[in-house]
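One structure is given below, encoded as structure tokens.
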Amino acid sequence: MTKFFQLVIAGIEIGSIYALVALAIVIIYASTGLKNLAQGEMAMFSAFIAYQFHAWGLGIWLALILAILTTFVLGMGVQQVVLKPVQDSSLLTVVIVTLGLFLGLNSVAGFIWGYMMLAFPAIFPEGAVEIGSVGISYAAIGVFAVLLACAGALFALFQFTKIGLAMRAVAYNKETSMLVGVQVNRVIMVGFGLAASLGAVGGIFAAPKLFLDPFMMLTVLIYALASAAFGGLDSPLGAVIAGLFIGVIENLAGGYIGFIGSDLKIVVPLVIILGTLLFRPQGLLGRKYIPRV
Amino acid sequence: MAKTTIIRGTSQYRSIVTVGFALLGLVVILLPFVMSGFRTFQFTMALLWALGVLSLNMLTGWSGQISLGHSALFGLGSYTTCILVGTYEWNPLLTIPVAALVTFIFGIMIGIPALRLAGLYLALMTLAIGVAFTPVIRRFKEHTGGSMGISIKKKVFPEEIVGLNLDQYLYFLVVIFAVVMFALARNLLKSRVGRAITAMRDNEIPAQTMGIYPARYKTLIFATSSMFAGIAGALYAFVIRFSAPYSFTLTLAIFFLAGLVVGGIGTLAGAVLGGLFIQFVPYYAEEINQSLAGMVFGIIIIVIMVTAPTGVLGLIKKVRARVVTVADPPVVRN
Amino acid sequence: MSLLEVNNLVAGYGMVQVLNGISLSVEEGEVAVVLGANGAGKTTTLRALTGMIKTSGSVLFEGEEMVGKKTDQIVRHRIAHVPQGRGTVAQMDVDENLELGAYIRSDKAGIAADKQKMFELFPRLAERRKQAAGSLSGGEQQMLAIARALMMSPRLLLLDEPSLGLAPLIIRSVFDTLQQINTEFGTTMLVVEQNANLALGIAKSAFVLETGDIVAGGSAAQIAADDTIRKAYLGI
Numbered sequence: 001m002t003k004f005f006q007l008v009i010a011g012i013e014i015g016s017i018y019a020l021v022a023l024a025i026v027i028i029y030a031s032t033g034l035k036n037l038a039q040g041e042m043a044m045f046s047a048f049i050a051y052q053f054h055a056w057g058l059g060i061w062l063a064l065i066l067a068i069l070t071t072f073v074l075g076m077g078v079q080q081v082v083l084k085p086v087q088d089s090s091l092l093t094v095v096i097v098t099l100g101l102f103l104g105l106n107s108v109a110g111f112i113w114g115y116m117m118l119a120f121p122a123i124f125p126e127g128a129v130e131i132g133s134v135g136i137s138y139a140a141i142g143v144f145a146v147l148l149a150c151a152g153a154l155f156a157l158f159q160f161t162k163i164g165l166a167m168r169a170v171a172y173n174k175e176t177s178m179l180v181g182v183q184v185n186r187v188i189m190v191g192f193g194l195a196a197s198l199g200a201v202g203g204i205f206a207a208p209k210l211f212l213d214p215f216m217m218l219t220v221l222i223y224a225l226a227s228a229a230f231g232g233l234d235s236p237l238g239a240v241i242a243g244l245f246i247g248v249i250e251n252l253a254g255g256y257i258g259f260i261g262s263d264l265k266i267v268v269p270l271v272i273i274l275g276t277l278l279f280r281p282q283g284l285l286g287r288k289y290i291p292r293v
Numbered sequence: 294m295a296k297t298t299i300i301r302g303t304s305q306y307r308s309i310v311t312v313g314f315a316l317l318g319l320v321v322i323l324l325p326f327v328m329s330g331f332r333t334f335q336f337t338m339a340l341l342w343a344l345g346v347l348s349l350n351m352l353t354g355w356s357g358q359i360s361l362g363h364s365a366l367f368g369l370g371s372y373t374t375c376i377l378v379g380t381y382e383w384n385p386l387l388t389i390p391v392a393a394l395v396t397f398i399f400g401i402m403i404g405i406p407a408l409r410l411a412g413l414y415l416a417l418m419t420l421a422i423g424v425a426f427t428p429v430i431r432r433f434k435e436h437t438g439g440s441m442g443i444s445i446k447k448k449v450f451p452e453e454i455v456g457l458n459l460d461q462y463l464y465f466l467v468v469i470f471a472v473v474m475f476a477l478a479r480n481l482l483k484s485r486v487g488r489a490i491t492a493m494r495d496n497e498i499p500a501q502t503m504g505i506y507p508a509r510y511k512t513l514i515f516a517t518s519s520m521f522a523g524i525a526g527a528l529y530a531f532v533i534r535f536s537a538p539y540s541f542t543l544t545l546a547i548f549f550l551a552g553l554v555v556g557g558i559g560t561l562a563g564a565v566l567g568g569l570f571i572q573f574v575p576y577y578a579e580e581i582n583q584s585l586a587g588m589v590f591g592i593i594i595i596v597i598m599v600t601a602p603t604g605v606l607g608l609i610k611k612v613r614a615r616v617v618t619v620a621d622p623p624v625v626r627n
Numbered sequence: 628m629s630l631l632e633v634n635n636l637v638a639g640y641g642m643v644q645v646l647n648g649i650s651l652s653v654e655e656g657e658v659a660v661v662l663g664a665n666g667a668g669k670t671t672t673l674r675a676l677t678g679m680i681k682t683s684g685s686v687l688f689e690g691e692e693m694v695g696k697k698t699d700q701i702v703r704h705r706i707a708h709v710p711q712g713r714g715t716v717a718q719m720d721v722d723e724n725l726e727l728g729a730y731i732r733s734d735k736a737g738i739a740a741d742k743q744k745m746f747e748l749f750p751r752l753a754e755r756r757k758q759a760a761g762s763l764s765g766g767e768q769q770m771l772a773i774a775r776a777l778m779m780s781p782r783l784l785l786l787d788e789p790s791l792g793l794a795p796l797i798i799r800s801v802f803d804t805l806q807q808i809n810t811e812f813g814t815t816m817l818v819v820e821q822n823a824n825l826a827l828g829i830a831k832s833a834f835v836l837e838t839g840d841i842v843a844g845g846s847a848a849q850i851a852a853d854d855t856i857r858k859a860y861l862g863i
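Quick note, the sequences are listed as chains Z, C and P, same order. If you read the first sequence in my numbering, its first letter stands for residue 1, the second for the next number, and so on. If you read the second sequence in my numbering, its first letter stands for residue 294, the second for the next number, and so on. If you read the third sequence in my numbering, its first letter stands for residue 628, the second for the next number, and so on.
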């Protein structure tokens, strides 16, 4: 039983990261219909920015807050320069452009920080809370708490603030939003900044565990995409639940099924995407879309 | 300059096309005798990438579907050949049909579930396959050699018999395959099946009402495209004589996509331009900096998609249109 | 000076020109209607006024030029537009739609008071406060769309075929409500409508639009009394 709980806790820890990046993907998808395949790379870039601030001598918490704020601005810039021109283009164009962004960000990170793995300083203190024979590390508790805090803040933003109301309105109906005076493009831009920041939180809190290198978020992206698809592409709550679920399932599968081990864990999201699209294409909590001629 | 108009199907048009192809053929044949061995090798590689781009083009350009798993399919072909030749000592040419079959079946396996849904999910799933390929290859290291890769050590081609050196031999081998594959692709596009597929891309639901079953065609085109990627991968194994998991990462899939975008989505000749681009841009860029190629590719992809979605070939056509007009013959009514 | 003065307004979609330079004006406090058959350019007229399509010519609102401004800027002059097909956010509930309607305002107390007014005006909406707009009946959705527009406390209310897709009885009550709004709140309205009889019934002035040109204009009573216009353009 100890092994089981240990695996579940490890799953929740990594699942929190998936959920954060999935949230970022869902927010952008819901508000613009764009699926940002570069979301993971943007998060990776933010982790490097945090690393850089820390390397310049800032405390780790200050460094990561500054990195998240920087990412907010960068995210808005990326939307304005790269994605806005193709916002209403075909899916193919959008996917290709976000992949261009993917490759570009990856290479720029490699150019600035190199391809060697860098150790990212621990954000939470070492050690663990012992419950019976199960140890829950402070890092695991911390990351999970960060996820809950982000999800809670997001919920509050959407439900109780004017900008949140506008963001939801834009996501659902751009024309009506425009007609009540919402500056649709600006709202989308802020949405991108927000999503980028959420991804940044994911990237930064993943960094101490995964180490820093330009490819660190590649598998996280796959898990996050699987979470977004599984939870429902337009459902933030679905993204959180699915992210945690996939993290746990992946760890249990890797831990108990010898054939899978650590190398084949990556097949888990693949199976989940496959299962989702076969049995419930709109995802767990997503809305069904019926195309019209 | 006075603008000339050339009508398709006239003898003038045919002679221009014939001369053009003859000149191109001459260049292709003479190239390995004029260039150094290394240059010849580079052009061989460019052709291999062109075949990779072609395979992706069949899917993306014709049917509008997106695949990020073509690096994995290319790799699957390469591994098939490397394992059969390296471990089981097959005749390399015999491994091509096997690689084709393996990737065709794999393509059907991906295509069947994916065809039920919109392109977004196909992109997602193939992305996952592209990323999963490396760890899966590592997992089965007793067959694949794991992270170390697998190589073909023995000499496998009797190049001296035809009086060529190895670089020249491989070059011509790939050229022959390329000509056949491009011709096949062209005929497929012009066939009933090809027309059904492009009709579906342009608008799926009306196509359905005309009795075209998207599911069947989507699977078929996905499998065929996979097979082309697999054959290209097998040829790659001939040339490089080595397969390693890190040669077939997502980056390769994005490079294929970049080649496709640069050459022009949906055009056959664009694939060749794309192949040259994939081979030579990183070669020169990496002399300056290791990361430069990726940056250049990333920026070029974005700039082209935003400003000139028809790619380089589209630009060439536009320039040509300023000089000559190629027109279809007028319809004659009796 | 009229509240709204449109001069030689040209608009269209892409290469297709729909409005060939129309002119009309709306006085403060009145209800004006634009009548015309399908495809006459009624919807295009309203879309041009709120900057939703490419437009040239002149639209003076309170003496200020609107052509060339973006929709959200135009709306900030408190021009409310209820588009065809209702213009509510289907996924949001009634309350949220009303909040959204007041997006450009920041006087919290005023917003709350206006919301209360809306619930008095449309008691049905009060009963369905927490229901998603998309789940309301067609008539209720139209009421919500109007209420949403009024939440802006508009200087000018543009209504695009408020009768579209509604049952005759409901249409009647929508128009009664519009008249009530005009008399109680003094809201200036420009209504485009196919149903000429109903629209003329609440209007003070009227314009007839025919394939992109205004072919007649004057007081609603005049237009209603003119047999040639009625036969030629209004089919009544």
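By construction, the Cβ of each residue, glycine as well, lies at the ideal position given by its N, Cα and C atoms. The structure displayed is predicted, hence computed values, not measured ones.
Tell me whether the segment 763-770 of chain P and the segment 168-182 of chain Z touch, counting them as touching only if at least three CB pairs, one residue from each stretch, are closer than 8 Å. no
Here's the rule I'm using: 16 or more other beta-carbon atoms within 10 Å means buried, otherwise exposed. How should Leu221 (chain Z) be labelled? In the first sequence, the residue the question calls residue 221 (chain Z) occupies position 221. Leu221 (chain Z) comes out buried.
Backbone secondary structure at Phe535 (chain C) - three-state DSSP: Residue numbering aside, residue 535 (chain C) sits at position 242 when the second sequence is read from its first letter. Strand at Phe535 (chain C).
Quick test of your reading: Ile68 (chain Z) and Ser46 (chain Z), contact by CB under 8 Å. State the CB separation rounded to the nearest angstrom. Along the first sequence, read from residue 1 onward, the residue named residue 68 (chain Z) stands at position 68. Along the first sequence, read from residue 1 onward, the residue named residue 46 (chain Z) stands at position 46. Contact flag correct, Cβ pair sits at about 7 Å.
Whole-Å CB distance - Ser519 (chain C) paired with Gly368 (chain C), under 8 Å assumed: Here residue 519 (chain C) refers to the residue found at position 226 of the second sequence. Here residue 368 (chain C) refers to the residue found at position 75 of the second sequence. With 8 Å as the limit, Ser519 (chain C) and Gly368 (chain C) do not qualify as a contact, their Cβ atoms being about 12 Å apart.
Listing by chain order, which chain B residues have their CB less than 8 Å from the CB of Asp734 (chain P)? Absent from the structure is chain B; the protein chains it does hold are Z, C and P.
Looking only at its chain, what residues have a beta carbon closer than 7 Å to the beta carbon of Ala109 (chain Z), apart from the 5 residues adjacent to it on each side? Residue numbering aside, residue 109 (chain Z) sits at position 109 when the first sequence is read from its first letter. Here the set comprises Met44, Phe45, Phe48, Pro214.
Reference Gln183 (chain Z); option with closest CA among Z:Phe245, Z:Leu165, Z:Leu198: Here residue 183 (chain Z) refers to the residue found at position 183 of the first sequence. Residue Z:Leu165 is the option with its Cα nearest to Gln183 (chain Z).
To the nearest angstrom, report how far apart Met588 (chain C) and Ile514 (chain C) are at their CA atoms. In the second sequence, counting from the first residue as 1, residue 588 (chain C) sits at position 295. In the second sequence, counting from the first residue as 1, residue 514 (chain C) sits at position 221. Rounded to the nearest angstrom, the two C-alpha atoms are 32 Å apart.
Any beta carbon from chain Z within less than 7 Å of Ile738 (chain P)'s own beta carbon? Walking along the third sequence from the start, residue 738 (chain P) turns up at place 111. Answer no: the Cβ-Cβ gap between Ile738 (chain P) and chain Z never drops below 7 Å.
Under the DSSP definition of a beta bridge, which residues are partnered with Asn173 (chain Z)? Taking the first residue of the first sequence as 1, we reach residue 173 (chain Z) at position 173. Asn173 (chain Z) is not bridged to any residue.
Could you check how far apart the C-beta atoms of Val565 (chain C) and Ala343 (chain C) are, in whole angstroms? I think they sit under 8 Å. As a first step, residue 565 (chain C) must be located in the second sequence, where it is residue number 272. As a first step, residue 343 (chain C) must be located in the second sequence, where it is residue number 50. Indeed, because the Cβ distance is near 5 Å, the residues count as touching under 8 Å.
Nearest to Val555 (chain C) by CA position, among C:Ile594, C:Leu545, C:Ile524, is which residue? Against the second sequence, residue 555 (chain C) aligns to sequence position 262. The candidate whose alpha carbon is nearest that of Val555 (chain C) is C:Ile594.
Continuous alpha helix (DSSP H) stretch holding Met816 (chain P): start and end: Residue 816 (chain P) sits at position 189 when you count from the first residue of the third sequence. That residue, Met816 (chain P), is in no alpha helix (DSSP H); its beta strand (DSSP E) goes 815-820.
Same chain, Cβ closer than 6 Å to Thr71 (chain Z), five either side skipped, listed in chain order: Against the first sequence, residue 71 (chain Z) aligns to sequence position 71. If we look at Thr71 (chain Z) and ignore the five residues flanking it on each side, its Cβ neighbours are Ser46, Ala196, Ser197, Ala200.
Enumerate in chain order the residues of its own chain whose CB-to-CB distance from Tyr138 (chain Z) is below 8 Å, with the five nearest sequence positions on each side excluded. Here the question's residue 138 (chain Z) lines up with position 138 in the first sequence. Excluding positions up to five away in sequence, the list reads Phe124, Pro125, Glu126, Gly127, Ala128, Val129.
Against chain P: residues of the segment 2-13 of chain Z by CB proximity under 7 Å: none
Buried versus exposed, by CB contacts within 10 Å (16 or more), Asp734 (chain P): Here residue 734 (chain P) refers to the residue found at position 107 when the third sequence is read from its first residue. Its Cβ having fewer than 16 others within 10 Å, Asp734 (chain P) is exposed.
Under 9 Å by beta carbon: chain P residues contacting Gln87 (chain Z): As a working note, residue 87 (chain Z) is residue 87 in the first sequence. None at all; the shortest Cβ gap to chain P is about 16 Å.
Give a yes or no on whether 7 Å exceeds the smallest Cβ distance from Gln849 (chain P) to chain Z. The residue labelled residue 849 (chain P) in the question sits at position 222 within the third sequence. Chain Z, which has no Cβ nearer than 7 Å to the Cβ of Gln849 (chain P), makes this no.
Measuring straight from C-alpha to C-alpha, what distance separates Ile454 (chain C) and Tyr462 (chain C)? Taking the first residue of the second sequence as position 1, residue 454 (chain C) is located at position 161. Taking the first residue of the second sequence as position 1, residue 462 (chain C) is located at position 169. If I take the Cα positions, the gap works out to 10 Å.
Beta-carbon proximity of Ser536 (chain C) to Gly439 (chain C), cut-off 7 Å: For the purposes of this step, residue 536 (chain C) is taken as the residue at position 243 of the second sequence. For the purposes of this step, residue 439 (chain C) is taken as the residue at position 146 of the second sequence. For Ser536 (chain C) and Gly439 (chain C), no; Cβs fall outside 7 Å.
For Gly523 (chain C), which of C:Gly370, C:His436, C:Gly487 has the nearest alpha-carbon? Position 230 of the second sequence holds residue 523 (chain C). The shortest C-alpha separation from Gly523 (chain C) is found at C:Gly370.
How about Pro406 (chain C) and Leu270 (chain Z): do their beta carbons lie closer than 7 Å? Residue 406 (chain C) sits at position 113 when you count from the first residue of the second sequence. Residue 270 (chain Z) sits at position 270 when you count from the first residue of the first sequence. No, they are not a contact pair.
Give me the subset of the segment 538-554 of chain C whose CB atoms are less than 9 Å from a CB atom of chain Z, sorted by chain position. Thr542, Leu543, Thr544, Ala546, Ile547, Phe548, Leu550, Ala551, Leu553, Val554
Ile260 (chain Z), enclosing beta strand (DSSP E) - first and last residue: Indexing the first sequence from 1 puts residue 260 (chain Z) at position 260. Where Ile260 (chain Z) is concerned, there is no enclosing beta strand (DSSP E), given that its DSSP letter is neither H nor E.
Start and end of the beta strand (DSSP E) containing Phe834 (chain P)? For this step, residue 834 (chain P) is matched to residue 207 along the third sequence. From DSSP, the beta strand (DSSP E) with Phe834 (chain P) extends over 832-837.
Of all the CB atoms in chain Z, is at least one closer than 7 Å to the CB of Ile592 (chain C)? Residue numbering aside, residue 592 (chain C) sits at position 299 when the second sequence is read from its first letter. By this cut-off, Ile592 (chain C) is an interface position.
Compare the C-beta of Gly607 (chain C) with all C-beta atoms of chain Z and state if any pair is closer than 7 Å. Position 314 of the second sequence, counting from 1, holds the residue named residue 607 (chain C). No - not a single Cβ of chain Z is within 7 Å of the one on Gly607 (chain C).
Could you give the first and the last residue of the continuous beta strand (DSSP E) run that contains Asn635 (chain P)? Here residue 635 (chain P) is taken as the residue at index 8 of the third sequence, counted from 1. Its beta strand (DSSP E) spans residues 631-640.
When P:Val721, P:Leu687, P:Ser800 are compared against Ile706 (chain P), the one with the closest alpha-carbon: For the purposes of this step, residue 706 (chain P) is taken as residue 79 along the third sequence, with counting starting at 1. Minimum Cα distance to Ile706 (chain P) is reached at P:Leu687.
By the criterion of Cβ-Cβ separation under 9 Å, what are the contact partners of Tyr730 (chain P) in chain Z? In the third sequence, residue 730 (chain P) corresponds to position 103, counting from 1. The answer, in chain order, is Lys162, Leu165, Ala166, Ala169, Ser177, Val180, Gly181, Val182.
Are Val180 (chain Z) and Leu727 (chain P) touching if we call contact CB-CB under 7 Å? On the first sequence, position 180 is the one that residue 180 (chain Z) refers to. On the third sequence, position 100 is the one that residue 727 (chain P) refers to. Closer than 7 Å, so yes.
Skipping 5 residues on each side, what residues in its chain have a beta carbon closer than 7 Å to that of Tyr640 (chain P)? One-based indexing of the third sequence puts residue 640 (chain P) at position 13. Excluding residues within five positions, the ones whose Cβ falls inside 7 Å are Ile680.
Considering Cα atoms alone, identify which of C:Leu420, C:Tyr381, C:Tyr510 is closest to Ser444 (chain C). The sequence position of residue 444 (chain C) within the second sequence is 151, counting from 1. With distances taken between Cα atoms, Ser444 (chain C) lies closest to C:Tyr381.
Indicate whether at least one CB of chain Z lies closer than 7 Å to the CB of His865 (chain P). Any answer about residue 865 (chain P) is impossible in this case: the structure gives chain P only from 628 up to 863.
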